[in-house]
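According to our numbering, the sequence shown is numbered sequentially starting from 35.
Each residue gets a CB set at the ideal place from its N, CA and C atoms; glycine is no exception.
Bear in mind the structure is a predicted one, so any value in this text is a computation, not a measurement.
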Amino acid sequence: MIDIDAGIVLFNPDINRLKRNLEAINNQVDHIIIFDNGSSNYNQIKKLLLDKYPKLVVLRNNSNVGIATALNKIFSYAKEFLNSKYILTLDQDSISPSNLINQYKVHFKPNVGIYTPLIKDINSNKILQKRANKETNEVDKCITSASLVKLEAWESINGFDESMFIDCVDFDFCIRLRRKNYKILRVNTVCLKHELGHIKVHKTPFGEILVKNHNAFRKYYISRNTVYMARKSHRVGLMLRAYLQDIKQALLVLCFEKGKKIKVKKIIKGAVDGTRIEIEKKWE
């Protein structure tokens with residue numbers, strides 16, 4: 035019997051969506067660990083959890099410490115108190131399919147560090163990865179939500195890089211995991227409906243363009259962490275590519291999004307800060 039638990043990081047969640055999230059995963063895992071990142075509606079959250087899910091583990095911080103720190107707190111608790119072998123990481127608004135864990139179990143292999151599903155964006159109704167004509171295939175990276183992470187693999191790379199706070203945390207984690215020779219396996223028999231920003235599809239002479247419409251706060255961290263993550267590689271080509279990605283992000287804002295001035299300003303600041311931020315040895 036393999037102990038599989040779920041971890042959900044909360045920050046001002048929609049209570050009805052959170053309730054659906056919990057109901058979808060409750061019977062698929064042994065425990066659910068909630069980490070609240072200083073939500074302003076914590077009293078509503080607490081009422082829901084105590085009324086409906088008395089056996090849940092609830093951890094809380096009074097302020098927002100970021101997704102990476104919150105995930106590490108969840109994994110550390112699972113390791114110390116629950117003897118977990120795998121943790122299913124979920125966003126607060128993601129509704130898991132009823133066969134998610136059972137489908138993952140079918141494909142368990144010793145060298146796989148993460149199992150991940152197909153992702154369908156709620157707003158555009160598009161599956162965001164290229165489909166494969168087989169039940170599973172290896173991928174280079176995946177998002178946090180609905181990823182089943184081997185706790186041993188998390189431990190081997192010192193966890194999620196807490197200096198990143200939010201955005202690209204999952205991709206950075208995947209890169210460092212693969213350096214330790216763990217594989218990331220996408221299970222194509224399950225699909226998670228998920229909201230990635232507020233995606234809108236724009237038709238152009240060059241084809242369809244997906245624009246995520248993140249707010250300025252998120253634009254900053256996407257820009258900063260894209261550069262910071264590339265610097266970890268110590269490869270000039272990847273660093274140049276990161277700056278080009280930030281330029282592309284700014285151009286998309288100028289062409290398609292509202293709040294252009296503040297968003298572009300945050301993208302530029304993010305790129306500058308990403309160049310300066312110190313890289314700790316344990317997260318290289």
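Between the CA atoms of residue j and residue i - distance to the nearest angstrom
{"i": "R210", "j": "E318", "result": "8 Å"}
{"i": "L219", "j": "N171", "result": "6 Å"}
{"i": "I200", "j": "L44", "result": "13 Å"}
{"i": "S74", "j": "P239", "result": "44 Å"}
{"i": "F207", "j": "V270", "result": "20 Å"}
{"i": "A180", "j": "I38", "result": "13 Å"}
{"i": "R265", "j": "R252", "result": "20 Å"}
{"i": "Q78", "j": "I49", "result": "7 Å"}
{"i": "A187", "j": "Y216", "result": "7 Å"}
{"i": "L82", "j": "K53", "result": "8 Å"}
{"i": "G41", "j": "L278", "result": "34 Å"}
{"i": "M273", "j": "T309", "result": "10 Å"}
{"i": "V63", "j": "K294", "result": "43 Å"}
{"i": "N60", "j": "K107", "result": "20 Å"}
{"i": "H236", "j": "L286", "result": "11 Å"}
{"i": "A250", "j": "K300", "result": "6 Å"}
{"i": "N145", "j": "I121", "result": "16 Å"}
{"i": "E229", "j": "E314", "result": "32 Å"}
{"i": "K303", "j": "Y254", "result": "7 Å"}
{"i": "K282", "j": "S267", "result": "21 Å"}
{"i": "C225", "j": "N46", "result": "25 Å"}
{"i": "V91", "j": "R212", "result": "30 Å"}
Residues of its chain near residue i, where Cβ-Cβ distance is below 8 Å and the 5 sequence neighbours each way are ignored
{"i": "Y76", "result": "D70, R94"}
{"i": "K214", "result": "G147, A187, S190, I191"}
6 Å CB neighbourhood of residue i in its chain, flanking five on each side removed
{"i": "S197", "result": "none"}
{"i": "E291", "result": "N247"}
{"i": "I256", "result": "D201"}
{"i": "A305", "result": "S257, V261, D280"}
{"i": "N259", "result": "M198, D201, C202"}
{"i": "F205", "result": "K175"}
{"i": "S118", "result": "D37, D39, A112, L185"}
{"i": "T178", "result": "T123, D204"}
{"i": "T223", "result": "Q137, E169"}
{"i": "A276", "result": "T260, V261, A264"}
{"i": "G100", "result": "F199, I200"}
Burial state of residue i (16 or more Cβ within 10 Å)
{"i": "K19", "result": "Since the first residue shown for the chain is 35 and the last is 318, residue 19 is missing from the structure and cannot be characterised."}
{"i": "K297", "result": "buried"}
{"i": "N133", "result": "exposed"}
{"i": "K184", "result": "buried"}
{"i": "I36", "result": "exposed"}
{"i": "L288", "result": "exposed"}
{"i": "G147", "result": "buried"}
{"i": "D85", "result": "exposed"}
{"i": "F142", "result": "exposed"}
{"i": "I243", "result": "exposed"}
{"i": "N55", "result": "buried"}
{"i": "F115", "result": "exposed"}
{"i": "G33", "result": "An answer regarding residue 33 cannot be provided, because it is not within the stretch 35 to 318 covered by the chain."}
{"i": "P88", "result": "exposed"}
Any chain D beta carbon closer than 8 Å to residue i
{"i": "I121", "result": "In the displayed structure, chain D is absent; only one protein chain is listed."}
Residue span of the alpha helix (DSSP H) that contains residue i, given as start and end
{"i": "S190", "result": "185 to 190"}
{"i": "I209", "result": "203 to 213"}
Range covered by the beta strand (DSSP E) that runs through residue i
{"i": "N95", "result": "91 to 95"}
{"i": "T178", "result": "From DSSP, T178 is part of no beta strand (DSSP E); its letter is neither H nor E."}
{"i": "G193", "result": "It is not in any beta strand (DSSP E) - G193 carries neither H nor E in the DSSP assignment."}
{"i": "V235", "result": "234 to 238"}
{"i": "K227", "result": "217 to 228"}
{"i": "V43", "result": "38 to 44"}
{"i": "E172", "result": "170 to 172"}
Cβ neighbours of residue i in the same chain (closer than 7 Å, five flanking residues each side left out)
{"i": "Y138", "result": "Y149, L182, V221"}
{"i": "A104", "result": "V43, F69, N71"}
{"i": "D307", "result": "R258"}
{"i": "H65", "result": "D39, V91, L116"}
Taking the runs of the alpha helix (DSSP H) that are 4 residues or longer, which of them lie wholly in the region 246 to 273? Contiguous alpha helix (DSSP H) elements confined to the region 246 to 273 occur at 250 to 266, taking only those with 4 or more residues.
May I have a chain-ordered list of the alpha helix (DSSP H) segments no shorter than 4 residues that lie completely inside the region 122 to 158? 134 to 140
Which residue spans inside the region 53 to 108 form an unbroken beta strand (DSSP E) run of at least 3? Segments of the beta strand (DSSP E) lying fully in the region 53 to 108: 65 to 71, 91 to 95.
Segments assigned alpha helix (DSSP H), at least 4 residues, entirely inside the region 280 to 316: Here the runs fully enclosed are 294 to 310.
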